[in-house]
Structure formats: structure tokens, C-alpha cells
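Engineer: Protein sequence lines, in the order shown, are assigned to chains P and R. The opening position of the first sequence corresponds to residue 1 in UniProt numbering, with each subsequent residue numbered one higher. The opening position of the second sequence corresponds to residue 1 in UniProt numbering, with each subsequent residue numbered one higher. If you scroll down you'll find the structure; I have some questions about it.
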Amino acid sequence: MKRFLWGLLLLLCVQVPSVQAGDEERKLEAVFIGRFASYIEWPARPRERFVITLLDDNPFGSLLDDLYRDKRIHNKPIELRYANRLDQVGETDALFITLSSSAARAAAIDHAQRNGILTISEAKGFAESGGIIQLDFIEQKARIKINHAAALKSGLRIGAPLLSIATVLRGDKP
Amino acid sequence: MFDRISIRYKLIVLLGLSAALALLISSVITIYSTYLSESRSSLRVLHQLTDVISENMRAALAFHDGESARTLLAALRADPHIQFAVVHDEAGQPLAEYRAAGGRADVTARLEGVRARIRENADLLRREDGFVEHIEEGSMIVLRPVFFEGKPIGLLAVVSDTRLLWAKIRELVLLQAVTSVVTLVLLLFLSVKLQSMFTRPIMSLIRAMREVARTKNYRVVLESDRRDEFRDLHEGFNAMLADIRERDDRLSRLATTDALTGLANRRHAMEVLQTMVVRARRKAEPVGVIMLDIDAFKKVNDLYGHPAGDLVLQEVAQVLLASAREYDLVARLGGEEFLVVCDGGTSEVTIAVAERIRAGVEARHIEYEPGALLHVTVSLGVHAAVPQSAAGDIEKMIRAADKALYRAKAAGRNRCVVAQEEVG
């Protein structure tokens, strides 16, 4: 029992920095969502707002609201929406997917491709499975993976500077 | 020292110094303006490079992608003059840096220099159009902020060496030095030729002045075909010679002529007579000497006054000049005493001249006052002979003529008496 308690204490000590690093990564992730949008061209839409929707859990808390309040993307005011299910996702420009089920993610990707929506997720294999941007953090460094073919299929054009710093999948497979 | 050097060398030195000064000023201006334009050009190239990199660096900074930033900076190796480059993220932390392979060992100092520039220009580097450029010994730095969506997200610093700039300046300095030396040599060569334009007329004038000083020949007239100030100098010199000639003539006249009558004075008469006697002796020709005196001249002065006496002397002188031959000497020896020397004059010729004089004076009407006339006569003593010796004969001839004159006076005046024989 004593040995178990010491082990638990040690685990907590090790976990604390990783929790702090996770917060930092989350902040960067929140910032990157808006910055991705700056490098991407959407087909012309008669919308007055640039809509970012989070599908499923909101890992950012109030971070996104704080960050994008009174900000503009493509010269439009930003509107943040939070959806628990795919059928709650209305007209949106960017969809941040936190769905844990690969089947649910595939459905969301399919919906996004049909509606010209930028999909972003940190789920492993997201880009390979048709998502447009997969964002990973390895040792506190961001790694961006872009499925260029998926972006084209969705009718989106990704700027060269973003492509130049990302791992780009030209087909469905890397 | 300088005033001891000949004007010729002064001109060469002055031309050489002027040319050297002009070349020095021209070279300094050229080198400085080249340094300015080359440093601006080098900075412009560095700015262009920084602009291109910062454009591509934006995405790397936006997504904190240090690997991509390093890849972008690594492209700088294409320019061997880029020593060092660093990109800072928005927190001021280095995201990536580039160091030239085999670069200078003082990169750490450069990095500190970059940090110092960033600190000094923090406000400027938060402006989207802001930049910092700086040239220091051995390197030049350009700092440029990277903006994303209107906000600074990082900063790019590129440090280049100035070897290219200084290599160009060194080449230019060398070229200027060689050109200046060649030009100076050519100009000195030309100045040796050109100085003669100025010194030739001066030297010619100096030679002429020395020649005049040596020969005392003031009748020289210097010719000059120039139309500049040297012509004035020649004309001035000629005018000065003319003044000397005129003064000499005037002095000569004053020294040789009698002021009242314009005839030769006693001293000049004796000199001319000496010359005549010498020539006559050499040629074995006779010389005729006539001594004459106005009869009762004291009475003329007493009766009619001295102005009338002076007028009588002038009128008699006119008669003498008219009666003597062109080449005879007519002189006033003093008072009312005159001398006429007939060059080559035989006794007959001399007597004829004397008689012409006597008759001419006797017949002369002298108007001493308007409408008032007077008459005078002269007594003359004549001697004619071939001189046997120079000095002794002159005295003898004059003494003989003088004795004859006294005899003419004693015989009743207004007559001509020949030495040893009397006529008229």
C-alpha cells in the first residue's frame, strides 16, 4: 500500500508538467485554427460571418471565445458555434472535430467535403482518412499534416506558405 | 624658398599641385559617393533578401514551425556574404537561426549586436513598415518584423559581411590612385610644355632688357605677335625705351646746343671740330675755320636793351646757318662770338662762306620792335689749312682765325680777314 502511494505521488509529479504543456498546446491549437483559415480560400459564399464550429467535446473551454472575440477572418467577424452532433452543424466554414469515433469522424468528413468546409482535428490518421488538416503536437512542437486532395475535393485552395511548412498528402494515402 | 625658384619651375609646381589637389578632391568625392551608393546597394540587396525570407517565414512563425524556419534560413547559404540570420517568435525567443559554414568566430558578438539593435528599436520593430538597418565595421544588419493579420508575430534579422563592399572600394581606390598618378604625370608633362607659353615672352623680354642694359642701345624696339597682357608688357617696355630715347635726345640737345640760338655750343663745337680735324688729317684734306664777332654788340645792348641783343644774336645765327654749307659746323662760342668750321674747306671756299656771312649780316634788317629796325655787322677771321696733328692743330687754327678776327676788328670791322692775308 505504502509502495502504491509513493508510486501515485511520483506519477502525479510527472503528470503536472505534461498538464501544463497540454494547456500551452491547447492555446496554440486555438490560435492555429484561425491562422489556418488565413491561408485557405473558400468558394465565394454570401455569408456575413466567418463561422467556426466545434463538433463534439469542447477541449478549449472559453479559450476560443476569448481569443476570437472581436477578431476577423477574411475580413468577416468570427462566430463560434458548438455542436454535439453532426446534424447540429449548420452552415460553417471550419469544423474542428473532436469526435473519438472514427466512423463519426468519417461521417463528419463526408459532410464537410460535400459542403466545402475546412476540417481540422488532432485525431490520429485524420488526414489519411480524408480530413483536411491534422494537427499534432510532439514534444510541444506542432506538426501539421494536410490532405491536399481532400481540400481540393472540398473546393478549398490552400496557400503555398501553409503547404510549405506542412506534411502534404497529395492523394488519399501519404 | 619659393621666391628663389625660377618662374618656369614655379608654374610647373603650381600646375602640378593644382592638378594633384583637383585629383585628390575628385578621388575623395568619387570614393565617398561610391561607398554611399555601394553600401545603399548592398543594404538594398539585404532588404530584398529579408523581404523574401520574411514573406515565406510568416507561415513558419504563424505555426511556430522551427524546422521550416531553419529550412528557410538555410537557403541563405546561396549568398556567401550572409554570415548570420535569426528569426525570433512573438515572445522574442529564437525560433531558428542560420550561421554560415566556416563563418567568422565572432558570431556570438554579432548575435549580441542583433539583440542590442532589437532592444534599441523595439518600438520601431512593432510597426508593419518598420525596419532597422545598420552598417558597422565588417558587417551590415537588417532587422524586419514579420506580421500576420496585422500583428507582429516575429522578427527576422540578417547579418551580412561587408567584404564585397570593401573589395569594391579597394578596387576603386586602387583604380583612382593609378588613374591619378597617370593623369598627374601627363599633366606635369603638359605643364612643362604649357609653362613655355608664359615663360617664353617673359624670358624674351628679360633677354632684350639685358641686351639693352649691356649695349645701352635704347633705339631697340621689341616686336610681339601676342594679343594678351604680354603685348601690354612689350608695349610698356617699348614706351619706356622711347621715353629714355627722348630724354637722351633732350639731354643731348641741352648738352650740345646753345639755348638762345639753337647752334652748337662751345663744348660740342670743340668735339665736332676734333672729329673733323682727325678725319681731315687722315684724308689730307683742308679744314676752314671762321671766327666771327658782332661789331659793337655792347652798344646794341645798351641802346636797344638785352631782348634786342638776344634777337640780334638769333638773327645772326640764322644768317650763319643760311650762309654755311649743310655739312659745315656752326656754333656760338659765347657772348657775340661765333665759330664756323667748313669741312674740307679750302681757303677759297672758307673765304667765300665768310664773305657770304658778312654780306648776309650786313644786309639783314632786324625788327627789334614793330616797325623799328636795326642793322649790325660782323668781323670775321678766316684760317684754312690741312691739319698736321690733332690737338695742337685745333688750337693753332682757332688762334690763327682769332688773330685774323682781331685784325679785322682793328681794320675797321665789317670785314673778313684771312690769317696771314686780308680780304674784303
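Positions of the beta carbon are idealized from the N, C-alpha and C atoms, including for glycine.
#1: Could you pull out every residue in the same chain whose Cβ sits closer than 8 Å to the Cβ of D295/R, ignoring the five residues on either side in sequence?
#2: Would you call H74/P buried or exposed, if buried means 16 or more other Cβ atoms sit within 10 Å of its Cβ?
#3: Buried or exposed: where does T215/R fall if 16 or more other Cβ atoms within 10 Å of its Cβ makes it buried?
#4: Going by alpha carbons, who is nearest to L260/R out of R126/R, V316/R, F230/R and H234/R?
#5: I'd like to know whether the C-beta of F131/R is nearer than 9 Å to at least one C-beta of chain P.
#6: Could you tell me whether the Cβ of A127/P comes closer than 9 Å to any Cβ of chain R?
#7: Ignoring anything shorter than 3 residues or poking outside the UniProt domain "GGDEF" (285 to 421) of chain R, list the beta strand (DSSP E) runs there in chain order.
#8: Per DSSP, Q88/P is paired with what?
#9: Does F96/P come within less than 9 Å of chain R when only Cβ atoms are used?
#10: Name the chain P residues whose beta carbon is nearer than 7 Å to that of D65/R?
#11: Please name the residue in E29/P, K141/P, I133/P and S100/P whose C-alpha comes closest to that of A112/P.
#12: Label I398/R either buried or exposed according to how many other C-beta atoms from any shown protein chain fall within 10 Å of its C-beta, with 16 as the threshold for buried.
#13: Report buried or exposed for E29/P, applying the criterion of at least 16 other Cβ atoms within 10 angstroms of its Cβ.
#14: Fully enclosed by the segment 67 to 153 of chain P, which beta strand (DSSP E) runs are 3 residues long or longer?
#15: Ordered along the chain, which non-local residues of its own chain (more than five positions away) have a Cβ less than 7 Å from that of A21/P?
#16: Return yes when the Cβ of S33/R is within less than 9 Å of the Cβ of T162/R, no when it is not.
#17: Hey, out of N58/P, E25/P, R26/P and A37/P, whose CA is closest to E149/R's CA?
#18: Would you grab the beta carbon distance between D93/P and I52/P for me? Rounded to a whole angstrom, and I think it's under 8 Å.
#19: For E38/R, which residues of its own chain have a beta-carbon under 8 Å away from its beta-carbon, when the five flanking residues on both sides are left out?
#20: Using the C-alpha atoms, what's the distance from Q48/R back to P80/R?
#21: Could you tell me whether any Cβ in chain R is nearer than 9 Å to the Cβ of A21/P?
#22: Against chain P, does F147/R count as a neighbour if the rule is that its beta carbon must be under 9 Å from one of theirs?
#23: With a Cβ-Cβ cutoff of 9 Å, do F50/P and E79/P count as a contact?
#24: Quick one: what's H81/R bridged to in DSSP?
#25: Report the residues of the segment 65 to 95 of chain R with a CB closer than 9 Å to any CB of chain P, ordered along the chain.
#26: May I ask which residues mark the beginning and end of the beta strand (DSSP E) holding L155/R?
#27: DSSP state of R170/P, grouped into three classes?
#28: Can you tell me which of V272/R, L374/R, I53/R and N217/R puts its alpha carbon nearest to the alpha carbon of D248/R?
#29: Just how far apart, CA to CA, sit residue 436/R and D228/R?
#30: Candidates V181/R, L36/R and N56/R: which alpha carbon is nearest residue 179/P's?
#31: List the whole-angstrom C-beta distance separating M270/R from V287/R, where the pair is believed to meet the contact cut-off of C-beta under 8 Å.
#32: Could you say which of R358/R, E246/R, Q274/R and V181/R lies nearest to D393/R if we only look at CA atoms?
#33: Any Cβ of chain P within less than 9 Å of the Cβ of N56/R?
#34: If distances are taken between C-alpha atoms only, which option among K283/R, V146/R, A91/R and G335/R comes closest to K298/R?
#35: What in chain R is Cβ-close to F60/P, meaning under 9 Å?
Structural biologist: Taking the coordinates as given:
#1: In the second sequence, residue 295/R corresponds to position 295, counting from 1. So the qualifying residues of the chain are V376, T377, V378, S379, K409, R413 and N414.
#2: Reading the first sequence from its first residue, position 74 is the one you call residue 74/P. Taking all protein chains in view, the Cβ of H74/P is surrounded by fewer than 16 other Cβ atoms within 10 Å, so the residue is classified as exposed.
#3: For the purposes of this step, residue 215/R is taken as the residue at position 215 of the second sequence. Here T215/R is exposed. Its C-beta has fewer than 16 other C-beta atoms within 10 Å.
#4: Locating residue 260/R in the second sequence gives position 260, where the first residue counts as 1. When only C-alpha atoms are compared, the closest one is V316/R.
#5: Mapped onto the second sequence, residue 131/R falls at position 131. The Cβ of F131/R sits no closer than 9 Å to any Cβ of chain P.
#6: Counted from its first residue, the first sequence places residue 127/P at position 127. For A127/P, the answer is no, since every Cβ of chain R falls outside 9 Å of its Cβ.
#7: Segments of the beta strand (DSSP E) lying fully in the UniProt domain "GGDEF" (285 to 421) of chain R: 287 to 294, 329 to 334, 337 to 343, 366 to 369, 372 to 374, 378 to 385 and 416 to 418.
#8: Within the first sequence, the letter at position 88 stands for residue 88/P. DSSP, once it has assigned bridges, lists no residue as partnering Q88/P.
#9: Position 96 of the first sequence, counting from 1, holds the residue named residue 96/P. Residue-level contact check: F96/P does not touch chain R, since none of the beta carbons of chain R fall below 9 Å from its beta carbon.
#10: For the purposes of this step, residue 65/R is taken as the residue at position 65 of the second sequence. Chain P residues near D65/R: A142 and I165.
#11: Numbered from its first residue, the first sequence carries residue 112/P at position 112. Closest by C-alpha distance to A112/P, out of E29/P, K141/P, I133/P and S100/P, is I133/P.
#12: On the second sequence, position 398 is the one that residue 398/R refers to. Buried, since its Cβ has 16 or more Cβ neighbours within 10 Å.
#13: Within the first sequence, numbered from 1, the residue matching residue 29/P stands at position 29. Buried, because 16 or more other Cβ atoms sit within 10 Å of the Cβ of E29/P.
#14: The DSSP assignment places 76 to 83, 94 to 97, 118 to 121, 133 to 138 and 141 to 147 as complete runs of the beta strand (DSSP E) inside the segment 67 to 153 of chain P, in order along the chain (cut-off: 3 residues).
#15: By 1-based counting over the first sequence, the position of residue 21/P is 21. Because A21/P carries a pLDDT of 45, less than 50, the predicted location of this residue cannot be relied on, and the following value inherits that uncertainty. Q140, listed in sequence order.
#16: Start at 1 with the first residue of the second sequence, and residue 162/R comes out as number 162. Start at 1 with the first residue of the second sequence, and residue 33/R comes out as number 33. Not a contact, by the Cβ cut-off of 9 Å.
#17: Along the second sequence, one-based indexing puts residue 149/R at 149. The alpha carbon of E149/R has as its nearest neighbour, out of N58/P, E25/P, R26/P and A37/P, the alpha carbon of A37/P.
#18: Walking along the first sequence from the start, residue 93/P turns up at place 93. Walking along the first sequence from the start, residue 52/P turns up at place 52. About 7 Å separates the beta carbon of D93/P from that of I52/P, a gap short enough to meet the 8 Å contact definition.
#19: Residue mapping note: residue 38/R aligns to position 38 of the second sequence, counting from 1. Result list for E38/R: L165, K168 and I169, in chain order.
#20: As a first step, residue 80/R must be located in the second sequence, where it is residue number 80. As a first step, residue 48/R must be located in the second sequence, where it is residue number 48. Distance between the alpha carbons of P80/R and Q48/R is about 16 Å.
#21: In the first sequence, residue 21/P corresponds to position 21, counting from 1. A caution first: A21/P carries a pLDDT of 45, below 50, which makes its placement in the model unreliable, though a value can still be read off. Chain R contact via Cβ: absent.
#22: Residue mapping note: residue 147/R aligns to position 147 of the second sequence, counting from 1. Output row for F147/R: interface = no.
#23: Indexing the first sequence from 1 puts residue 50/P at position 50. Indexing the first sequence from 1 puts residue 79/P at position 79. Yes.
#24: By 1-based counting over the second sequence, the position of residue 81/R is 81. Partner(s): none; H81/R has no beta bridge.
#25: Those would be D65, G66, E67, S68, A69, T71 and L72, in chain order.
#26: As a first step, residue 155/R must be located in the second sequence, where it is residue number 155. In the DSSP annotation of this structure, the continuous segment of the beta strand (DSSP E) that includes L155/R starts and ends at K151 to D161.
#27: Start at 1 with the first residue of the first sequence, and residue 170/P comes out as number 170. Note: R170/P maps to coil in three-state DSSP.
#28: Sequence index remark: in the second sequence, residue 248/R carries index 248 (1-based). With distances taken between Cα atoms, D248/R lies closest to N217/R.
#29: In the structure as shown, chain R starts at 1 and stops at 424, and residue 436/R therefore has no counterpart that could be examined.
#30: Within the shown structure, residues of chain P are numbered from 1 to 174, placing residue 179/P beyond reach of any answer.
#31: The sequence position of residue 270/R within the second sequence is 270, counting from 1. The sequence position of residue 287/R within the second sequence is 287, counting from 1. With 8 Å as the limit, M270/R and V287/R do not qualify as a contact, their Cβ atoms being about 13 Å apart.
#32: Taking the first residue of the second sequence as position 1, residue 393/R is located at position 393. The residue among R358/R, E246/R, Q274/R and V181/R with its C-alpha nearest the C-alpha of D393/R is Q274/R.
#33: Translated into the one-based positions of the second sequence, residue 56/R becomes position 56. Chain P, which has a Cβ nearer than 9 Å to the Cβ of N56/R, makes this yes.
#34: Looking up residue 298/R in the second sequence gives position 298. When the alpha-carbon of K298/R is set against those of K283/R, V146/R, A91/R and G335/R, the nearest one is in G335/R.
#35: Numbered from 1 along the first sequence, position 60 holds the residue referred to as residue 60/P. Neighbours of F60/P on chain R: none; closest Cβ ~17 Å, over 9 Å.
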